[in-house]
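Scroll down for the structure; my scribbles are underneath it.
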Amino acid sequence: SLTIISMSCLTQQLSISELLIIIFDSQQSIELPCTEDIVNTLKTFLLRASELSARKENLLTKQIKTVIPKNLPQQENDVDCGLYILEYAQRFLLQPPIKVISLRLSGEL
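Shown next as C-alpha cells:
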C-alpha cells in the first residue's frame, strides 16, 4: 500500500478539516483489515505530532478523513506490489488531483 497524507494548504493557517489520508492499495479486496490498521496508526501518529507541534492545534483523529480511490489497477499475484506502488506514486506526483473529489472516492474508513 502507498499512503499519502494530503494537506490542501501548506501555510501556517492550515485548517484541520483539510487533512486527508489517501490509501492506494493494489490488493484492496484482500487487505481491508490491514488498511484499517494503517489508518489507525497514522491517525495516532498525527494526533501525537499535533500535541508536540509549536502551533498547538487541537487535532482530533475523527477530523481526518480517509479515502481509497476507486478503479485502481490491482495486482494478480503477491510479488508485483512494488511496481504498483511506484506507478501510483508517479501518477499522483505528476498529476495530483486539484480537489479530493477528482480521486473518485470509493468511501471513507
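Counting with the working numbering, you get residues 2 to 110 for the letters of the sequence shown.
Cβ coordinates follow ideal geometry from the N, Cα and C atoms, glycine included.
- Between Cys35 and Ser51, the alpha-carbon positions lie close to 24 Å from each other.
- For Ile86, the uninterrupted alpha helix (DSSP H) segment begins and ends at 82–95.
- DSSP places Ile6 within a strand segment (E or B) once states are collapsed to three.
- Contact check for Ile24 and Thr67: beta-carbon distance about 7 Å, within the 8 Å limit, so the pair qualifies.
- Here Val40 is buried: its Cβ has 16 or more other Cβ atoms, across all protein chains shown, within 10 Å.
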